[in-house]
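Colleague: Heads up: the sequence shown is residues 84 to 517, going by this note's numbering. Don't be surprised by glycine CBs; every beta carbon is placed ideally from N, CA and C. These figures come from a predicted structure and were not determined experimentally.
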Amino acid sequence: MQKVAKRESWSSHNIFILACIGSAVGLGNIWRFSYITGLHGGGSFVLLYILAVLFVALPALIVELTVGKKLRTSAVKAFREILGTRWWLVAFPLGLCLLVLSYYLVVMGWTLFYSFTSLGGQYVPFESAVGDWALPFGGLISLMIVWIVARIDIKSGLEKVNIYLFPIFFASLILIFLNSFTLSGINDAIAYLTTIEMDALLSPINILNAITQAIFSLAIGAAVMLTYGSYLKKKEDIFHSSIAIAIADSMIAIVGAIVVFTVTFTFAIPTTAGAELAFESLPLAFLSMPYGSLIMSLFFLLLFSAATTSAVSLSEVLIDNLRIKLSSRAKAGWAMLVLLLIFFIPSALSYSPIASDFMVDGIPFLEFLDAHIIGRFAPLIVVASLIAFTWGWKGCKKALKENVPAPFVTPIYLMVKYIVPAAILVFQAAEFLI
Ligand code: PFF
84 MQKVAKRESW
94 SSHNIFILAC
104 IGSAVGLGNI
114 WRFSYITGLH
124 GGGSFVLLYI
134 LAVLFVALPA
144 LIVELTVGKK
154 LRTSAVKAFR
164 EILGTRWWLV
174 AFPLGLCLLV
184 LSYYLVVMGW
194 TLFYSFTSLG
204 GQYVPFESAV
214 GDWALPFGGL
224 ISLMIVWIVA
234 RIDIKSGLEK
244 VNIYLFPIFF
254 ASLILIFLNS
264 FTLSGINDAI
274 AYLTTIEMDA
284 LLSPINILNA
294 ITQAIFSLAI
304 GAAVMLTYGS
314 YLKKKEDIFH
324 SSIAIAIADS
334 MIAIVGAIVV
344 FTVTFTFAIP
354 TTAGAELAFE
364 SLPLAFLSMP
374 YGSLIMSLFF
384 LLLFSAATTS
394 AVSLSEVLID
404 NLRIKLSSRA
414 KAGWAMLVLL
424 LIFFIPSALS
434 YSPIASDFMV
444 DGIPFLEFLD
454 AHIIGRFAPL
464 IVVASLIAFT
474 WGWKGCKKAL
484 KENVPAPFVT
494 PIYLMVKYIV
504 PAAILVFQAA
514 EFLI
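1) So SER333 packs on ILE133, CB below 8 Å; how close in whole Å?
2) Quick one: grab the DSSP three-state call for SER410.
3) Just verifying my parser: in three-state terms, what is the DSSP assignment at SER92?
4) Alpha carbon to alpha carbon, how far is LEU463 from PHE57? Give it in angstroms, no decimals.
5) Which residue spans inside the segment 275-346 form an unbroken alpha helix (DSSP H) run of at least 4?
6) Run through the segment 142-211 for me and flag every whole alpha helix (DSSP H) of 4 or more residues, listed as ranges in chain order.
7) Measure how close the beta-carbons of GLY105 and THR392 come, nearest whole angstrom, since I'm counting them as under 8 Å.
8) Taking the alpha-carbon positions, what's the GLU399 to SER267 distance?
9) What are the partner residues of PRO447, as DSSP defines its beta bridges?
10) When the distance is taken between beta carbons, is ALA431 closer than 7 Å to PRO142?
11) Could you spell out where the alpha helix (DSSP H) holding THR120 opens and where it closes?
12) Just the Cα atoms here: how many angstroms apart are ILE98 and VAL136?
13) GLY121 and ALA356 look like a contact to me (Cβ under 8 Å); what is the Cβ gap, rounded to whole Å?
14) Is SER333 near the ligand PFF, going by C-beta to nearest heavy atom under 6 Å?
15) Between which two residues does the alpha helix (DSSP H) carrying LEU463 extend?
16) Following a CB-centred definition, is ALA302 positioned closer than 6 Å to any heavy atom of the ligand PFF?
17) Are VAL190 and LEU110 touching if we call contact CB-CB under 7 Å?
18) Is PHE299 near the ligand PFF, with its Cβ less than 6 Å from a heavy atom?
19) Whole angstroms is fine: what's the gap from LEU226's alpha carbon to SER286's?
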């Protein structure tokens, strides 16, 4: 991102798209998508996810970018402009940002761990890794890296690095994807990911989780896209870019899931293993191929870098808004660190030698926070933001008209103003009552 007078703006449209993809593509595609798919119905979940991207996440992404582009300011100021005295509603997207980042950093640490151990030709099964302090230590390193990057404001450098790393990440994913076809579990994996069962398809909890996953993966609801939209210049396109981002992000998630579940079936790992699923299966995928440990090391390092761009997008939003109250970027950085640690520490320790002290409802704190707290509340936070953008702000439809081809304006507006909020609230109520 290159700075120009007043509000910064993207140096080119491709950089904008890459930054959005950088925020969208990360652990959510490889780690979260596969484990949540395993917990919520396999093929039925994949179908629900595709529908959630199309009908919830994509319209919400277009609106969030549009609001950002129109108001050209930080989240707090944008909410002040839209909602006046009720601007404090911005606490919901910012809270989502903080919660996600706090445990996201922990999982980034797991990718670092596998990158380094496999470089030394070592294979450490996930359950043995949990018996050691290395996983939380990896999380701590990730926290330090993201914190330093956020504080010294080297986003533009990072975006450039991302331009080169992203294609290599994608190529290594395709490599293990192709290798999956040599494993015995490929047919079972494809059958698992394409079998649709009516019960699973109609379950409100599965539907809500598909919506959460689409929201998480496209980085919506946490004011990240609002902030990224605010750096756009007037003439720049939102509609086609959003479609491109959604397609790229979903394809990576589906390719990742085929790899993960092929190994899951080949090595009889339970599909419902939970948050550790990808980290149990991916190392085995690599070890089944020539030069596996080297490629594995590279892949996890690249996944770490993809995750870094997502984590930095979250930290950027937090710092950008904390700075309004705290006057300096440095102070905002410290405040963010303190807030992050509240959830980072129990998340990191829930996969450590003292993990048994950090179990909630029989599962690790991190998985509880991710699957149950975020899984349940992220859709409500998106409802709150959409209500703020559409009901709270008179300029929304006009701004959409300036950014979306005419035939799509009304359908998108109706979706985000009525249908998506009502549907999410109905599914929440149904899930609560069942
Ligand atoms: N979309 C990122 C991923 O899939 O890994 C995670 C993320 C980034 C979530 C930014 C939310 C967000 F605002």
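Modeller: For this structure:
1) 7 Å
2) coil
3) strand
4) The structure shown does not extend to residue 57, since the chain is modelled only from 84 through 517, so no value can be given for it.
5) 281-285, 287-300, 307-313
6) 158-166, 174-202
7) 3 Å
8) 44 Å
9) MET442
10) no
11) 116-122
12) 23 Å
13) 7 Å
14) no
15) 458-473
16) yes
17) yes
18) yes
19) 37 Å
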